Each structure stands twice: as structure tokens, then as C-alpha cells.
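Novice: Let me begin by handing over the structure; questions about it come next.
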Amino acid sequence: MLRVRNFFDKMNSADLIELIRRLMECPAAPYHEFAVRSAIESIAQEHGLCHGFDRFGNLIIKTGTIGRPIVLAAHMDHPGFVIKDRLDATSWSAEFLGGVPDKYFVPGIPLRIFPNSIACRLGAILDPERRVYKIEIGSEVKEASFAVWDLPCFTVRDSLILGRACDDLIGVAAALATLIELKRRDVTQQVYAVFTRAEEVGFGGAIAAAKHRIIPDDSFVISLETSRELPPVTIGQGVIVRIGDKASVFDSAGTRYLTEISSKLLAANSGFQFQKALMSGGTCEATAYQEYGYTSAALCVALGNYHNCSSEKIDEEFVHQHDVETMVSLLVEASIEFSNFSYWTNKLRVRLDELSLQTEPRLIV
Ligand SMILES: [Zn+2]
Numbered sequence: 005m006l007r008v009r010n011f012f013d014k015m016n017s018a019d020l021i022e023l024i025r026r027l028m029e030c031p032a033a034p035y036h037e038f039a040v041r042s043a044i045e046s047i048a049q050e051h052g053l054c055h056g057f058d059r060f061g062n063l064i065i066k067t068g069t070i071g072r073p074i075v076l077a078a079h080m081d082h083p084g085f086v087i088k089d090r091l092d093a094t095s096w097s098a099e100f101l102g103g104v105p106d107k108y109f110v111p112g113i114p115l116r117i118f119p120n121s122i123a124c125r126l127g128a129i130l131d132p133e134r135r136v137y138k139i140e141i142g143s144e145v146k147e148a149s150f151a152v153w154d155l156p157c158f159t160v161r162d163s164l165i166l167g168r169a170c171d172d173l174i175g176v177a178a179a180l181a182t183l184i185e186l187k188r189r190d191v192t193q194q195v196y197a198v199f200t201r202a203e204e205v206g207f208g209g210a211i212a213a214a215k216h217r218i219i220p221d222d223s224f225v226i227s228l229e230t231s232r233e234l235p236p237v238t239i240g241q242g243v244i245v246r247i248g249d250k251a252s253v254f255d256s257a258g259t260r261y262l263t264e265i266s267s268k269l270l271a272a273n274s275g276f277q278f279q280k281a282l283m284s285g286g287t288c289e290a291t292a293y294q295e296y297g298y299t300s301a302a303l304c305v306a307l308g309n310y311h312n313c314s315s316e317k318i319d320e321e322f323v324h325q326h327d328v329e330t331m332v333s334l335l336v337e338a339s340i341e342f343s344n345f346s347y348w349t350n351k352l353r354v355r356l357d358e359l360s361l362q363t364e365p366r367l368i369v
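If you count the sequence shown from 1, position 4 lands on 8 in this note's numbering, and the numbers rise without skipping.
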């Protein structure tokens, strides 16, 4: 398998996989991100990273104190069922939140209901408009808040990471790994990670954070996502510099900066790979931050079985380990080089000026 040589100084592939495992074992649905949030908090504490909450329940972590702030943005939720009412001793009604087509909701599909992780099944649809379903449990359950597809949480097979929720716990893991690596290397550049809530229902946490200026005005926001594998990108061919999404094109200088740093890594390290594409399969948080005035760019890794939809049934999502490693590698380097942002983004202009010295005299009529 392809490996990024020296992609971390302090962390290695096994550390990154362990981080991903801890996150992917946490169930979550929109507005019910508690388990993911407490796993992130524990990891941050173990590594001496400062963390705190905003009043919307988004979790913010920071390393470094110097320079224009970089903000790594990722979300903690995943499409799932939010419990509404108790129907009788063994069944509840639940609204499905997130983008999964109707054809996948086949009665009898195994689910798991929380907080007590009890096996249950999808029942009949009760309100097609509002996507409310019956959830049937074999025994009496007194307390219920949300439910998820009963799929394996985490497996690594042939360099693929499979599980119920790669989206967006892979983005969360990449942000955390970057901050851990920067802290261990004593990098002084200030880098925040903002872990948001309720992205799957329309960027709830990100909009709140952007609208209420929870992060500094001059931040350079980099949205980290998994994104449905669509041509021209391929799973396993490296991190994707995402030039835009379904709704927006992102900051030109910011995108060029990430591309230049990727090219630098490519030249220096034969194991590094990257791709560049406008991933139009969905809209990511970079659009939300950009709409509220933040300079925004995006990176993503290609995702298989987007939102648990394989060709005909609910299944595990998957990403390639190499793509995640290259994402972290790029984020670490982009953070270290950030004080030279102008140098990297002006390289093209310098080259154009040189070219014009040759072409201009021959143009004069
Ligand atoms: Zn999603």
C-alpha cells in the first residue's frame, strides 16, 4: 500500500487509526452529538490541548498563539433518527434527519436506540412528509433519545476504513491529529479546530458559530469533509483540494495556497498524493462560513457508500487510509508554512511577470 513517508514526525499511522477508532465507536445523530463530543474532549485532554464550548454546544480546540488564525472545521453528527414520542411499551416514533433517499427505509432494518444501545427495528412510516417512522423494540424501553443504523462502527480492511459514520468523523480525526502533531512539534502558529453540531440538517452549528463570530473575523477556515466519490476523484489517490461544492466556489488565494503546499509535499515526498476537484455531490461547511464573511477553503477525502447508501441497501461508509494520512500531512504543512502565505500565493504572479519580460518587447507594434 502507498504510504506517506515521514508524513508525521511525532504521530504514526497506528496512532491515527486508533484516534479514528475511538471517534467512530461513538453513535451520533443531528442534535445528539454528546458521545462524539466527550471522546474529542478526552483526546484533547490527553494531549494537553485547550478546549471549550460555545453556547450552541460546538466544541473548540486550539493550539499555538501566533499569526492569523487557521480554523479547521468538521462536524460531529451523522444522519440518524431523533426520537419524538413513546407510542406504547415497546415502540417509539422517530424523525429521520439527514439526506438518505426514501427507498432505503425498508421496514425490519436493524437499528440501535440510545442512550442504552438497545437493538431494535425500523417499523412502518407514520408521516411520509416529515419522515417520521415507527421504531419497534423487542422489550420495554423507558428512555429513548436517538437511534442509528445498526452497522459495525469501525473496521480496517485492505487499507479501507469502514463503519457507520466516516462522515464526518474522519474530518474530526484529521483535525485532531493535526493539532496533536502541531502541539508535539511546538509549532507556534495558532490553529483552531471547530467541531460543530447538526450539520446534516443545514449546517446548524456552523451557521451559529459564523453568525455569532465565535471564531476570529480574520480566520482562514478550512472545511474538512468526506465527500461522495464522483469523477474525476478516486478513492485511494490522496486528499482532495476541494475548490467548491454544490453551492459555492471557495476563496481563490486560499485554494491556491493549499494547492501550492500540496505540490511542495509532492515534490519532496514520493508517497504524497493529492487530487483537486469541485465536489458537487453536496454542500459543505465552507459555504456556510463563506456566506457569513469568512475566508474559506476546503479539503475532503472521497467517500464510498455516502450516507450509508450502497447501490441497494443501508451499509457501512468507507474511506481509504492513504487519503486520510495525506489530509493530515497537508494540514500540518499548511499550518507550519502559513506565515509565508503571501510567498506561496504570489508565486504565480512572479512567474507571469518573468514571462512578460520576454513576451512584452515582442508584442510592441
Ligand atoms: Zn453528511
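In this text, a Cβ means the ideal position worked out from N, Cα and C, and glycines have one as well.
Note that the structure is a prediction, hence the values are computed from the model and not measured.
What residues does ligand 1 have around it, judged by CB closer than 7 Å to any heavy atom, in chain order?
Specialist: Residues flagged by the Cβ proximity filter: His82, Pro83, Gly102, Gly103, Asp171, Asp172, Glu203, Glu204, Gly286, His311.
Novice: Whether or not the stretch 328-346 and the stretch 168-188 are in contact is what I'm after, with contact meaning three or more pairs of Cβ atoms, one per stretch, closer than 8 Å; do they touch?
Specialist: Touching, per the Cβ criterion.
Novice: Tell me, please, whether the stretch 294-301 touches the stretch 85-95 by the rule of three or more beta-carbon pairs shorter than 8 Å.
Specialist: These segments do not touch.
Novice: When you compare the CB positions of glutamate 50 and phenylalanine 158, do they come within less than 7 Å of one another, or not?
Specialist: No. Outside cutoff.
Novice: I'd like the list of long-range same chain contacts for arginine 26, defined as Cβ closer than 6 Å, with 5 residues on each side in sequence excluded.
Specialist: Hits under 6 Å: Ala43.
Novice: Could you have a look at histidine 79 and say whether DSSP puts it in helix, strand or coil?
Specialist: Residue state, collapsed to three classes: strand.
Novice: Tell me whether leucine 262 sits in a helix, a strand or coil according to DSSP, three-state version.
Specialist: In the structure shown, leucine 262 sits in a helix (DSSP, three-state: H, G or I).
Novice: Compute the beta-carbon to beta-carbon distance between arginine 217 and methionine 80, rounded to the nearest angstrom, for a pair I have assumed lies under 8 Å.
Specialist: Not confirmed; about 21 Å, so no contact.
Novice: Would the beta-carbon of leucine 53 fall within 7 Å of that of threonine 69?
Specialist: No, the pair does not count as a contact, with Cβ atoms beyond the cut-off.
Novice: With DSSP as the reference, identify every bridge partner of proline 114, one or two as the case may be.
Specialist: Proline 114 is bridged to Arg125.
Novice: Where does phenylalanine 322 sit, in a helix, a strand or coil, going by DSSP?
Specialist: In this structure, phenylalanine 322 counts as strand in the three-state DSSP scheme.
Novice: Would you mind stating whether valine 328 and glutamine 279 have Cβ atoms separated by less than 7 Å?
Specialist: Contact: no.
Novice: Flag this pair as touching only if the stretch 220-231 and the stretch 302-321 have three or more C-beta atom pairs under 8 Å; answer yes or no.
Specialist: Because the criterion of three Cβ pairs below 8 Å is met, the stretch 220-231 and the stretch 302-321 touch.
Novice: Which one or two residues does DSSP pair with aspartate 172 in a beta bridge?
Specialist: Paired residues: none, contrary to the question.
Novice: Answer with yes or no whether the minimum CB distance from serine 314 to chain D is below 7 Å.
Specialist: Although the question refers to chain D, the structure presented lacks it and comprises just one protein chain.
Novice: Return helix, strand or coil for phenylalanine 342, following the three-state DSSP convention.
Specialist: Phenylalanine 342 falls in the helix class under three-state DSSP.
Novice: Helix, strand or coil, according to DSSP, for proline 73 in the structure here?
Specialist: In this structure, proline 73 counts as strand in the three-state DSSP scheme.
Novice: Count the other CB atoms within 10 Å of the CB of lysine 250; is the residue buried (16 or more) or exposed (fewer)?
Specialist: Exposed is the call here.
Novice: What separation, rounded to the nearest whole angstrom, lies between the Cα atoms of phenylalanine 150 and glutamate 341?
Specialist: Cα-Cα distance, rounded: 42 Å.
Novice: Under a Cβ-count criterion, where at least 16 other Cβ atoms within 10 Å of its own Cβ denotes burial, should proline 365 be classed as buried or exposed?
Specialist: Classification for proline 365: exposed.
Novice: On the three-state DSSP scale, how would you describe lysine 88?
Specialist: In the structure shown, lysine 88 sits in a strand (DSSP, three-state: E or B).
Novice: Start and end of the alpha helix (DSSP H) containing alanine 212?
Specialist: 208-215 is the extent of the alpha helix (DSSP H) around alanine 212.
Novice: Does the contact criterion of 3 or more C-beta pairs under 8 Å hold for the stretch 186-202 versus the stretch 346-354?
Specialist: With the cut-off at 8 Å, the stretch 186-202 and the stretch 346-354 do not touch.
Novice: Do isoleucine 65 and alanine 48 count as a contact pair if the criterion is CB distance below 7 Å?
Specialist: In contact: alanine 48 and isoleucine 65 (Cβ atoms closer than 7 Å).
Novice: Since alanine 197 contacts leucine 361 with CB under 8 Å, what's their CB separation in whole angstroms?
Specialist: No, alanine 197 and leucine 361 are not in contact; Cβ-Cβ is about 44 Å, not under 8 Å.
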